[in-house]
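Q:
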Amino acid sequence: MSAPRERPRAGDLLDWYDRHARDLPWRVGPRARAEGVRPDPYRVWLSEVMLQQTTVAAVKSYYETFTTRWPTVQALAAAEDGDVMAAWAGLGYYARARNLLKCARAVAGDHGGIFPDDHATLLTLPGIGRYTAAAVSAIAFDRPEVVVDGNVERVMARLHDEHTPLPQAKPLLTDFAARLTPDTRPGCYAQAVMDLGATICTPRNPACGLCPWRRSCAAWQAGTATELPRKAPKKRKPTRLGIAYLARRVDGAWLLERRPDSGLLGGMLGWPGSDWGDDPQEAPPIRAEWKTLTEEARHTFTHFHLRLTVRTALLPMDRRPDRGEFIELPDFRPSDLPTVMRKAFDLAHAGMRKS
DNA sequence: CATTCGTGGCA
DNA sequence: TTGCCAAGAAT
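Sequential numbering of the first sequence, starting at 1045, is according to my numbering.
Here it is as structure tokens:
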């Protein structure tokens, strides 16, 4: 027989958080909070949107760029769409950037520039779902919302040694999380559980020996922590083919195209090209002598691999494109492109320098 | 409920 | 090299 498990206590986790809270750019730490410093809801929201399915390491520089360039929600609401999309380039999931602007404009226009402080109203805003509404509500406004992200799912699955696979187990894990959420310091608690998941209760090689909830953890007792949470098997990614046309005018301008708002890389700048599939058809955006690079650009998206054939051409000043528009050099920065388009540019740029 | 939607780091 | 994973939302 195993020793009876103690019920996990929010207070134990808060004590751990007071000692081990990570210093993150968007975070008001437990010490400052105790001194009465409140987080800026705009910054909490911005960081939470950036952190959706994205690592802290990847977010940091983008967060700095955005808060420096657009320090308030009003400033962001007044930004040009293209500037925001360019600033988001490389971070991925570009619907987030489109919704970020929609949300900023809704807050500035419909809410007097003040972020709503309740879960239900936050949920009505673009790009804010269950998790983000709860996180902003808890972290920025210290409301006892049940915050359930991937970290919390993992921590709860292990605490309860729950083997039901996700996403089926989600309601149950949410229920577990709800029973633990305290009324005192809910903002710190929300961040504490996520920190625990990010630094101790990690997917691989969890540091159970350092966990403040170890004595309460059923998976620790059962030795099943690394197996949890279970997840439904993933599908294998198919490979799609495509053709990109990179045209450079003699003055150095490049021919680019704004992608439609919906779908893959929506709203982003990109190279004109074919569709992406099993048998892509030629679709040159301008009459030219196209040369094909020996190396193709390879990129993996969420649900497929892409092999992109890169064709390049040098064009005179007076040639008019059928699609897209030439962007002159000071206005065009490769860093404004989503990664797959930047890969194609890097190949073309290297190739055209050689010849 | 299942699918779509990026990217980089890591084992 | 391949698969897995990260503070999910929208449809």
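Where a beta carbon is used, it is the ideal one built from N, C-alpha and C, also for glycine.
From arginine 1284 to proline 1083, what does the alpha carbon distance come to, in whole angstroms?
A: So the alpha carbons of these two residues sit roughly 45 Å apart.
Q: Count the other C-beta atoms from every protein chain shown that fall within 10 angstroms of the C-beta of alanine 1141, then say buried if there are 16 or more, exposed otherwise.
A: Looking at its Cβ environment, which holds 16 or more other Cβ atoms inside 10 Å, alanine 1141 is buried.
Q: Express the C-alpha separation of threonine 1218 and methionine 1045 in angstroms, rounding to a whole number.
A: Low local confidence applies: a pLDDT of 41 at methionine 1045 is under 50, so the model's placement there is unreliable, with the coordinate-based value given in what follows. The alpha-carbon atoms of methionine 1045 and threonine 1218 are separated by roughly 29 Å.
Q: Secondary structure at glutamate 1124, three-state DSSP: helix, strand or coil?
A: coil
Q: Quick one: using the 10 Å Cβ neighbour count with 16 as the cut-off for buried, is threonine 1111 buried or exposed?
A: buried
Q: Return helix, strand or coil for methionine 1045, following the three-state DSSP convention.
A: Here methionine 1045 scores only 41 on pLDDT, less than 50, and its place in the model should not be relied on; the value that follows carries that caveat. It is coil, neither helix nor strand.
Q: DSSP beta-bridge partners for isoleucine 1371?
A: Trp1298
Q: Take the Cβ of arginine 1202 as the centre, count every other Cβ of all protein chains shown within 10 Å, and call the residue buried at 16 or more, exposed below.
A: buried
Q: Could you check whether phenylalanine 1370 and tryptophan 1298 sit closer than 8 Å to each other, using their CB atoms as the reference points?
A: yes
Q: Excluding the five sequence neighbours on either side, which residues of its own chain have a C-beta within less than 6 Å of the C-beta of glycine 1174, listed in chain order?
A: One detail in the question is off: residue 1174 reads as arginine in this sequence, not glycine. Counting only Cβ-Cβ distances below 6 Å, and skipping sequence neighbours, we find nothing.
Q: Looking only at its chain, what residues have a beta carbon closer than 7 Å to the beta carbon of glutamate 1339, apart from the 5 residues adjacent to it on each side?
A: Around glutamate 1339: Leu1391.
Q: To which residues of the same chain is leucine 1224 closer than 7 Å at the C-beta, ignoring the five residues directly before and after it?
A: Pro1052, Ala1054
Q: According to DSSP, simplified to helix, strand and coil, what is arginine 1053?
A: coil
Q: Ordered along the chain, which non-local residues of its own chain (more than five positions away) have a Cβ less than 8 Å from that of leucine 1290?
A: Its chain contains Trp1298, Leu1299, Trp1315, Val1354, Arg1355, Thr1356, Ala1357, Ala1388, Phe1389, Ala1392 as the residues whose beta carbon lies nearer than 8 Å to that of leucine 1290, once the 5 sequence neighbours on both sides are disregarded; these appear in chain order.
Q: Just verifying my parser: in three-state terms, what is the DSSP assignment at alanine 1291?
A: strand
Q: Suppose you measure from the CA of proline 1374 to the CA of arginine 1292; what does that come to, to the nearest Å?
A: Computed Cα separation, rounded: 14 Å.
Q: When you compare each of Arg1066, His1064, Ala1178 to proline 1085 by their alpha carbons, which one comes out closest?
A: Ala1178
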